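Data first, discussion second: the structure below is written as structure tokens.
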Amino acid sequence: MNTPPALRVLEHELLKYRRGFRGTLVSSFLNPVLYLAAMGIGLGGYVASSKGGATGSGALLGGVSYLAFLAPGLLASTAMQVAAGESTFPIMGGILWDRAFLGMLATPIRVIDILGGKLLYISLRLTLATCVFFGVMTAFGAGGGPLAILAIPAAILTGLAFVTPIIAYSASQKDPGGFNGLFRFGVIPLFLFSGTFFPVSQLPGLLQPVAFATPLWHGVDLCRTLALGTETPTGVLVHVAYLVGFAAVGLLLASVALRRRLRA
Amino acid sequence: MEGTSIPALIRARALTKRFGTLTAVDAIDFDVAPGESFGFLGPNGAGKTSAMRMIGCVSPVSDGELSVLGMDPRIDGPRIRARLGVVPQQDTLDQELTVSDNLAIYGRYFDLPRDVIRRRVAELLEFVQLSERARDQVEPLSGGMKRRLTIARSLINEPDLLLLDEPTTGLDPQARHLLWDRLYRLKQKGVTLVLTTHYMDEAEQLCDRLVVMDKARIVAQGSPRQLIAQHSSREVLEMRFPVGVQETLDGALDGLGDRVDRLPDRVLVYTDDGDAAAAVAHQRGLRPEMSLVRRSSLEDVFLRLTGRSLVD
Chain A
1450 MNTPPALRVL
1460 EHELLKYRRG
1470 FRGTLVSSFL
1480 NPVLYLAAMG
1490 IGLGGYVASS
1500 KGGATGSGAL
1510 LGGVSYLAFL
1520 APGLLASTAM
1530 QVAAGESTFP
1540 IMGGILWDRA
1550 FLGMLATPIR
1560 VIDILGGKLL
1570 YISLRLTLAT
1580 CVFFGVMTAF
1590 GAGGGPLAIL
1600 AIPAAILTGL
1610 AFVTPIIAYS
1620 ASQKDPGGFN
1630 GLFRFGVIPL
1640 FLFSGTFFPV
1650 SQLPGLLQPV
1660 AFATPLWHGV
1670 DLCRTLALGT
1680 ETPTGVLVHV
1690 AYLVGFAAVG
1700 LLLASVALRR
1710 RLRA
Chain B
9 MEGTSIPALI
19 RARALTKRFG
29 TLTAVDAIDF
39 DVAPGESFGF
49 LGPNGAGKTS
59 AMRMIGCVSP
69 VSDGELSVLG
79 MDPRIDGPRI
89 RARLGVVPQQ
99 DTLDQELTVS
109 DNLAIYGRYF
119 DLPRDVIRRR
129 VAELLEFVQL
139 SERARDQVEP
149 LSGGMKRRLT
159 IARSLINEPD
169 LLLLDEPTTG
179 LDPQARHLLW
189 DRLYRLKQKG
199 VTLVLTTHYM
209 DEAEQLCDRL
219 VVMDKARIVA
229 QGSPRQLIAQ
239 HSSREVLEMR
249 FPVGVQETLD
259 GALDGLGDRV
269 DRLPDRVLVY
279 TDDGDAAAAV
289 AHQRGLRPEM
299 SLVRRSSLED
309 VFLRLTGRSL
319 VD
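Just so you know, the protein sequences line up as chains A and B, in that order.
Read in order, the letters of the first sequence are residues 1450 to 1713 in our numbering.
Read in order, the letters of the second sequence are residues 9 to 320 in our numbering.
Structure representation (structure tokens):
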């Protein structure tokens, strides 16, 4: 046989995933249903009823319903959360707990193949989660732009922009204690303040450039403009370039960190 | 493979491993011949595992020369590893997968075709007596079963060279004997074994030749019998005295044998004739609680060469 080594690592991931497949599928479906129902429809109805004038929420949101505003942002945020979940504990487990990576490295598999296989697997997870999300979102009537379907690859790219730097971080941690900080000071603030729930223009002036620098804001804005049909070529280009750049730098860091950790 | 003959399966010259300022393996030389069973003996922290990890091409060589299967680990790591079987000190089994899936996926890491894997999984499970557990998850298996599974896994690619890092540490006697038997059968089939251990009986059972490592260096090498002949006497007289008595024996022990060693719990007299030494001790009025004469073992060599102080 002649299977590329990264694909053999992917085979291992899929063999393990068979057991958790149903669970993640259900939560990939239930999460957007709950969020869009509660926040999109429930909170959204409240937001709509309080709109008024040129400075009202209707104008802020670009003249669309809160649900339509929220859904693509949540799509990008969901990708970030799946990415963070898959790039933290499972990576540390491969190094420290079940030490699956060490077992692989005793075979022709190399560190770079482990990283490649992991990235393939996480990309599949992201594809599944974003496709299900997109389906739910469409069923809720959000995302009517002609290129709305492109919000799926945009969200996957957003996820990958988080995956590689977080793998680098996880590979350099001695214990899972550091993950608390990552989620508390990284993932959750980004989720709340990167334009998913309200436009970044609502942030205090000083914080706005911070929001623009985060990959999640680029992901949210990319998904949102594509879903609403308000994308501009420049905007898309800038967002994609930013996210690809983030993922690429992360990839470099991740391969260095994993090699340093696994091949001492 | 270039060259005319391959004298050694592993050849190390001035092989060195450094971690920052710590030297874990300090310029060691050794050769392992095809079909041989070769052991690294030494206390914890002596550098055995570091040496094994370099041979296994997972840890880069810091200095010196190393060739494995006629290739250079720096260049040919994956090609060398394709022909190695590795039993690491700590199991790296996938606890969530079944016994047979653990073997099968490992075969896939070597890119073996699925039909070959299916056949070998059945054979290997038979070989390590785990056939009945094929469909069970790994997590609830006993330590001995997991170790056997790890050994089966290391054989999935029919390796030319099997590396075993403390293969039986933590196992009960039955499990150890079963493992030894399996390793012995592999040796009979011509598989070259390289193992580390700090069990002397294991080394005597399994190794044709071994090196004793202490503080990152090789302090002795040879067959178990040669090592005993060189570094110990033929027999050992062991005497245990009541608490407090051993400290009062100054002088009375002198000249009983070639060498006298005082352990915390007993006195060892190294001599060619243990019974004669016991008789002399009795004449001198020594009345040990317990006294026995035994053949000198590798353990005596080990203790002599690596000192008696506790190593962390």
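The C-beta atom is built at its ideal place from N, Cα and C for all residues, glycine as well.
Just so you know, these numbers come straight off a predicted model, no measurement behind them.
8 Å CB neighbourhood of residue i in its chain, flanking five on each side removed
i: residue 1713/A; result: none
i: residue 1513/A; result: 1677
i: residue 87/B; result: 79
i: residue 257/B; result: 249, 275 and 294
Best match in the options for proximity to residue i [C-alpha to C-alpha]
i: residue 187/B; options: 51/B, 164/B and 213/B; result: 213/B
i: residue 125/B; options: 154/B, 162/B, 89/B and 103/B; result: 162/B
i: residue 1711/A; options: 66/B, 302/B and 27/B; result: 66/B
i: residue 1703/A; options: 1638/A, 1540/A and 1517/A; result: 1540/A
i: residue 109/B; options: 1465/A, 1642/A and 1552/A; result: 1465/A
i: residue 281/B; options: 240/B, 311/B and 143/B; result: 240/B
i: residue 1524/A; options: 1695/A, 1581/A, 1699/A and 1596/A; result: 1581/A
i: residue 1605/A; options: 1529/A, 1557/A and 1706/A; result: 1529/A
i: residue 293/B; options: 82/B, 249/B and 201/B; result: 249/B
i: residue 1578/A; options: 1476/A, 1547/A, 1696/A and 1459/A; result: 1476/A
i: residue 1572/A; options: 1656/A, 1601/A, 1511/A and 1469/A; result: 1601/A
i: residue 303/B; options: 192/B, 195/B and 233/B; result: 233/B
i: residue 102/B; options: 148/B, 90/B and 173/B; result: 148/B
i: residue 1629/A; options: 1537/A, 1516/A, 1526/A and 1461/A; result: 1537/A
Contacts around residue i, its chain only, beta-carbon distance under 7 Å, and the 5 residues preceding and following it disregarded
i: residue 1451/A; result: none
i: residue 1667/A; result: 1688, 1691 and 1692
i: residue 1550/A; result: 1543, 1544, 1563 and 1711
i: residue 1608/A; result: 1528, 1529, 1531, 1532 and 1575
i: residue 1642/A; result: 1652 and 1660
i: residue 139/B; result: 133
i: residue 56/B; result: 48, 50, 204 and 221
i: residue 274/B; result: 246, 247 and 248
Distance cut-off 7 Å: residue i Cβ against heavy atoms of the ligand ADP
i: residue 169/B; result: Looking at this structure, you won't find the ligand ADP or any other ligand, since it has none at all.
Collapsed DSSP secondary structure at residue i in the structure displayed
i: residue 66/B; result: coil
i: residue 303/B; result: strand
i: residue 1621/A; result: coil
i: residue 118/B; result: coil
i: residue 1720/A; result: Absent from the structure is residue 1720/A, since the part of chain A shown begins at 1450 and ends at 1713.
i: residue 284/B; result: helix
i: residue 9/B; result: For residue 9/B, the predicted structure reports a pLDDT of 44, less than 50, and the residue's modelled location is therefore unreliable. A value from the coordinates is still provided. If DSSP states are grouped into helix, strand and coil, residue 9/B belongs with coil.
i: residue 97/B; result: coil
i: residue 47/B; result: strand
i: residue 1594/A; result: coil
i: residue 1586/A; result: helix
i: residue 150/B; result: coil
i: residue 145/B; result: strand
i: residue 1466/A; result: helix
i: residue 1715/A; result: The structure shown does not extend to residue 1715/A, since chain A is modelled only from 1450 to 1713, so the question has no answer here.
i: residue 269/B; result: strand
i: residue 1700/A; result: helix
i: residue 1547/A; result: coil
i: residue 216/B; result: coil
Test: residue i CB closer than 8 Å to a CB of chain B
i: residue 1461/A; result: yes
i: residue 1624/A; result: no
i: residue 1553/A; result: yes
i: residue 1557/A; result: yes
Other residues of its chain near residue i: CB distance less than 6 Å, five sequence neighbours each side excluded
i: residue 216/B; result: 44 and 45
i: residue 265/B; result: 277, 278, 279 and 285
i: residue 69/B; result: 62
i: residue 211/B; result: 47, 49, 205, 218 and 306
i: residue 1454/A; result: 1558 and 1562
i: residue 1673/A; result: 1521 and 1522
i: residue 94/B; result: 64, 162 and 171
i: residue 199/B; result: 170
i: residue 1632/A; result: none
Chain A contact for residue i (CB, 8 Å cutoff)
i: residue 48/B; result: no
i: residue 175/B; result: no
i: residue 63/B; result: no
i: residue 278/B; result: no
i: residue 142/B; result: no
i: residue 74/B; result: no
i: residue 89/B; result: yes
Exercise. Counting only runs that start and end within the stretch 219-253 of chain B, where is the beta strand (DSSP E) found for 3 or more residues in a row?
Worked result: DSSP runs (the beta strand (DSSP E)) wholly in the stretch 219-253 of chain B: 225-230 and 243-248.
For this session: Enumerate, from N- to C-terminal direction, the unbroken alpha helix (DSSP H) stretches of 4 or more residues contained entirely within the stretch 1472-1528 of chain A.
Result: Every unbroken stretch of the alpha helix (DSSP H) spanning 4 or more residues and falling wholly within the stretch 1472-1528 of chain A is given here in chain order: 1493-1498 and 1506-1509.
Exercise. Which ranges does the beta strand (DSSP E) cover as unbroken runs of at least 3 residues, wholly within the stretch 1635-1688 of chain A, from first to last along the chain?
Worked result: Fully enclosed beta strand (DSSP E) runs of 3 or longer: not present.
Exercise. In chain order, which alpha helix (DSSP H) runs of at least 4 residues are fully inside the stretch 147-190 of chain B?
Worked result: Listed in chain order, the alpha helix (DSSP H) elements of length 4 or more contained wholly in the stretch 147-190 of chain B are 151-162.
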